[in-house]
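What follows is a short report on a single structure.
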Amino acid sequence: ITPDRVQSELARGLQVESLERGVSILRDRVGLALQLLAGSAALLLLLMCSNVAGLLLARSAARREEIAVRLALGATRARLVRQMLAESALLAGLGAAGGWLVAVASMPVLVRALPPMRDRATTQLALSLDVAPDTRVLLFAIGVSIATALLFGLAPALAASRVSLDSVLRGARSSRGGHSRAALVGFQVALCTLLLAGAGLLVRSFQQLHGMDAGFDRDHVVTFTASPGLSGYSLEQCDKLRRALLDRVRALPGVASAASASRAVMRGSGVKTTVLPEGQTITEADSLNTSLNTVSPEYFDTMGMRILAGRGFQDSDRGAKPARVLVNQTFAQQFFPGIDPVGRLLGNSIQTKFEIIGVVNDAKYRSLREPMTPTYYNLGSDDFFVLCVRTRMRPETIIQPVRRELAALDPALPFLEIHTLAEEVDASAASERLTATLASLFGLLAAMLAAVGIYGLLSYAVAQRRREIGIRMALGARPGDIARMIGRQALAMVLVGVAAGLAAAWEAAPAIRSLLYGVTPSDGMSLGTAAAFVLLVSALATAIPAGRAARVEPASALRDEHN
Numbered sequence: 247i248t249p250d251r252v253q254s255e256l257a258r259g260l261q262v263e264s265l266e267r268g269v270s271i272l273r274d275r276v277g278l279a280l281q282l283l284a285g286s287a288a289l290l291l292l293l294m295c296s297n298v299a300g301l302l303l304a305r306s307a308a309r310r311e312e313i314a315v316r317l318a319l320g321a322t323r324a325r326l327v328r329q330m331l332a333e334s335a336l337l338a339g340l341g342a343a344g345g346w347l348v349a350v351a352s353m354p355v356l357v358r359a360l361p362p363m364r365d366r367a368t369t370q371l372a373l374s375l376d377v378a379p380d381t382r383v384l385l386f387a388i389g390v391s392i393a394t395a396l397l398f399g400l401a402p403a404l405a406a407s408r409v410s411l412d413s414v415l416r417g418a419r420s421s422r423g424g425h426s427r428a429a430l431v432g433f434q435v436a437l438c439t440l441l442l443a444g445a446g447l448l449v450r451s452f453q454q455l456h457g458m459d460a461g462f463d464r465d466h467v468v469t470f471t472a473s474p475g476l477s478g479y480s481l482e483q484c485d486k487l488r489r490a491l492l493d494r495v496r497a498l499p500g501v502a503s504a505a506s507a508s509r510a511v512m513r514g515s516g517v518k519t520t521v522l523p524e525g526q527t528i529t530e531a532d533s534l535n536t537s538l539n540t541v542s543p544e545y546f547d548t549m550g551m552r553i554l555a556g557r558g559f560q561d562s563d564r565g566a567k568p569a570r571v572l573v574n575q576t577f578a579q580q581f582f583p584g585i586d587p588v589g590r591l592l593g594n595s596i597q598t599k600f601e602i603i604g605v606v607n608d609a610k611y612r613s614l615r616e617p618m619t620p621t622y623y624n625l626g627s628d629d630f631f632v633l634c635v636r637t638r639m640r641p642e643t644i645i646q647p648v649r650r651e652l653a654a655l656d657p658a659l660p661f662l663e664i665h666t667l668a669e670e671v672d673a674s675a676a677s678e679r680l681t682a683t684l685a686s687l688f689g690l691l692a693a694m695l696a697a698v699g700i701y702g703l704l705s706y707a708v709a710q711r712r713r714e715i716g717i718r719m720a721l722g723a724r725p726g727d728i729a730r731m732i733g734r735q736a737l738a739m740v741l742v743g744v745a746a747g748l749a750a751a752w753e754a755a756p757a758i759r760s761l762l763y764g765v766t767p768s769d770g771m772s773l774g775t776a777a778a779f780v781l782l783v784s785a786l787a788t789a790i791p792a793g794r795a796a797r798v799e800p801a802s803a804l805r806d807e808h809n
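The sequence shown runs 247 to 809 under the numbering used here.
What follows is the structure, encoded as C-alpha cells:
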C-alpha cells in the first residue's frame, strides 16, 4: 500500500486506530453503553456519599454533648476533625472491601451476559476477556475509597468541630445543619430522578426494539449453519449435499417448509453489492448501495415473508439469462419510485444483468437496529449455507431430527451453529437488554438510597422537634395536622429534587441518543414514570416519620427536656 493510497482512503473516511488499544469488536459494539453505565455508577456513588453525609450530619448533631465535653477537656478542633475523618475512612474502607468482593463475584456473571460477537463472515467468535482484578484496579478502588471518605466525611467533621460550648452547657438546641440536610436530600432525589429517567429511556428503547415487526416469523424457524467447503467439498458437491438435505428435512414430521440461504439474518453482518437500474452509470457515491442474500426458492415461505408483487422463485429460474432476482420494498421505492419494478433490469459494477421478477416485504437483515436497506435476493450456491426450517410445533423439537438427517448424508460433517430465529433476534438486542437491565438496577438502588435519606432526615427532624410538636398538640393541633406538616416539609424537598433531576435528564439525554431506538430523549412517558416513581418512594419514606410525629404524647414531650 502506497502513501498516496493511504491518504486517499483517509480522505474517504477511513479511520486509523492505535494498535496499543488493540482491535476489539466488543469495544465497538458496547463501548458507549459501558461508558454510560460507568457514568451511572459514578452518580450512584455520589448519591451514596450524599446519603451517608446526611446521616453523619444528623449523627454529629446528636453527639453535640459528647463533642462539647471533648472540647472542654482540651481536645482541639483539628483533632476532632481527624477523629471524624477516621470514622468516615473506616466506613469507606468497609464499603470498599464489600464492593471489591461483590465485583470479583459478579464479573464472571456479567461477562456471560455480554452479547455474542461475530466476525465479518458472521462466524461466532469465542469471547475471551480477562476480568481478574489487577494492581491498577486495586489502586483505583483504593483511590475512590479515599476520595469517598473525604467527600462524605469532611462536611460532617467540620460541622461537628464548630459546636458552641456555651449553647450546649445552657441546654439550647441548635437548628444548624437543617438546611444542609434538606439540601442533601434534594440532591439525592435529583440524582435518583436522573438515573431513573435514563433507565426509563433505555428500557423503553429496548421494548420498542424487541417488540418491533422484523418482517419475518421469529417464532417457528430454526437455522442450521453448515460449511461443507471446510471439509473438502467442491462447489458442485456442496450444492448436491444441500439439495439432498433439504429434501430429507422437508419429509420430517412437523416440518412446514425448509430452505437455504447464503447468510443468516440478525448476525450483525451480511453481503453488500452495488447495483443500479439499467441505463444508469454507477459512480463512486453508489458504492455498496444494496444488500444481497442468495437463497433457495422456498426461502420466503419458510421465513414467513410475503410476495407483494410479481412472483417468487421457481427452479426454472436457475441459470436464466438475465439472472432473475426479487427485491424488497425499500429497493423498489428507492430505485423505482412510483414505477412497477417487476420486469425491470438492473446492472452491477461487473456488468452483470438482473431481471426483477417480484417484490417481497421489507425484513431486517443484519440486526434489529439496522434501518431498512435496499436488498435483493438471487438464486445460487456456495461452499457453505444456512438451512432454515419452519416447523408446526416448538422449533427446538426439530433440532435433533435435522442433525440425524445430516449425519445420514455425511457423519463427519457437523453443523457449525444451530439457533432458533427467536434466539437470533434476542442476541441482536442483547447489548440493549444488558444496558437497560443494569441501568434499571442502578435506578432502583438510587431510589432505595433516596428513600433512606428522606427517612433519616425526617426521623431526626421529628426527634429534634418533639417538644415543639408536643406544644402544638397541647394548643389544639390534631395528629393529622402534625402529619401534614411533616409531609409538606418532605414534599417541598422532594419536588425541588424531582424538578432538578428532570431538568438534568432533559439536558443529558441527547448524550445517549445513539443508544435509543424508537424513543426521543424527551420521551414524556419515561420522564413522567421516573418522576411518579420517585414521588411514590418519597411518600413511603415519609409515612413512618410523619406517623411517628402524629403519635407524640403532648404531656410526655413537655416533661422531657431533652427529647
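The C-beta atom is built at its ideal place from N, Cα and C for all residues, glycine as well.
From residue i to residue j, what does the alpha carbon distance come to, in whole angstroms?
{"i": "G475", "j": "S772", "result": "51 Å"}
{"i": "E753", "j": "E616", "result": "27 Å"}
{"i": "L592", "j": "A746", "result": "57 Å"}
{"i": "R734", "j": "R328", "result": "38 Å"}
{"i": "R358", "j": "S451", "result": "23 Å"}
{"i": "G516", "j": "A510", "result": "8 Å"}
{"i": "G221", "j": "L289", "result": "No information on residue 221 is available, as it lies outside the stretch 247 to 809 that the chain covers here."}
{"i": "R724", "j": "I700", "result": "24 Å"}
{"i": "E799", "j": "S705", "result": "16 Å"}
{"i": "V467", "j": "A284", "result": "38 Å"}
{"i": "P249", "j": "A257", "result": "12 Å"}
{"i": "L491", "j": "R650", "result": "10 Å"}
{"i": "P523", "j": "L448", "result": "41 Å"}
{"i": "H396", "j": "A428", "result": "In the sequence under discussion, the amino acid at residue 396 is Leu, which differs from the His named in the question. Distance between the alpha carbons of L396 and A428 is about 20 Å."}
{"i": "V252", "j": "D532", "result": "21 Å"}
{"i": "A472", "j": "L437", "result": "51 Å"}
{"i": "L762", "j": "R612", "result": "18 Å"}
{"i": "S421", "j": "T775", "result": "Since pLDDT at S421 reaches only 48, below the 50 mark, its modelled position is unreliable, and no value is offered."}
Got a sec? Which residues, its chain only, sit under 7 Å from residue i by beta carbon, not counting five neighbours each side?
{"i": "S391", "result": "A338, G339 and A342"}
{"i": "V315", "result": "none"}
{"i": "V708", "result": "I732, P791, R794 and A795"}
{"i": "P641", "result": "H466, V467, V468 and T666"}
{"i": "S760", "result": "L278"}
{"i": "I645", "result": "V468 and I664"}
Taking only three categories from DSSP, how would you classify residue i?
{"i": "K610", "result": "coil"}
{"i": "Y763", "result": "coil"}
{"i": "P523", "result": "strand"}
{"i": "R544", "result": "Going by the sequence as given, residue 544 is Glu instead of Arg. Residue state, collapsed to three classes: coil."}
{"i": "T248", "result": "coil"}
{"i": "K518", "result": "strand"}
{"i": "L385", "result": "helix"}
{"i": "R323", "result": "helix"}
{"i": "G665", "result": "For the record, residue 665 in the displayed sequence is His; it is not Gly. Of the three classes helix, strand and coil, the one that applies to H665 here is strand, per DSSP."}
{"i": "N574", "result": "strand"}
{"i": "L291", "result": "helix"}
{"i": "N535", "result": "coil"}
{"i": "E799", "result": "coil"}
{"i": "V605", "result": "strand"}
{"i": "F462", "result": "coil"}
{"i": "S421", "result": "Residue placement at S421 is poorly supported in this model, since its pLDDT is 48, which falls under 50; the coordinates are not used for a value here."}
Cutting at 6 Å between CB atoms, please list the residues of its own chain near residue i, excluding the five before and the five after it.
{"i": "S614", "result": "Per the sequence presented here, residue 614 reads as Leu, with Ser not at that position. Excluding sequence neighbours, L614 sits near L455, S674 and A675."}
{"i": "G432", "result": "M739, V742 and G743"}
{"i": "T469", "result": "A510, V632, C634 and H665"}
{"i": "K518", "result": "L534 and S537"}
{"i": "S352", "result": "none"}
In or out: residue i buried (at least 16 other Cβ within 10 Å) or exposed?
{"i": "I715", "result": "buried"}
{"i": "P620", "result": "buried"}
{"i": "M639", "result": "exposed"}
{"i": "T788", "result": "buried"}
{"i": "P767", "result": "buried"}
{"i": "Q710", "result": "buried"}
{"i": "V605", "result": "buried"}
{"i": "T439", "result": "buried"}
{"i": "L356", "result": "exposed"}
{"i": "I388", "result": "exposed"}
{"i": "H808", "result": "Below a pLDDT of 50, predicted positions are generally treated as unreliable, and H808, at 46, falls in that range; the measurement from the model is reported next regardless. When all chains shown are included, H808 counts as exposed."}
Near residue i, what residues of its chain come up, given a Cβ to Cβ distance below 8 Å and the 5 sequence neighbours on each side ignored?
{"i": "R797", "result": "P725"}
{"i": "Q281", "result": "none"}
Quiz item: Is the stretch 286 to 299 in contact with the stretch 687 to 698, if contact means three or more CB pairs nearer than 8 Å?
Solution: With the cut-off at 8 Å, the stretch 286 to 299 and the stretch 687 to 698 touch.
Quiz item: Between the stretch 479 to 486 and the stretch 559 to 569, are three or more C-beta pairs nearer than 8 Å?
Solution: Pairwise C-beta distances place the stretch 479 to 486 out of contact with the stretch 559 to 569, as fewer than three of them are shorter than 8 Å.
Practice problem: Please determine if the stretch 681 to 690 and the stretch 492 to 510 are in contact, where contact requires at least 3 C-beta pairs separated by less than 8 Å. | Solution: Counting Cβ pairs under 8 Å, fewer than three are found: no touch.
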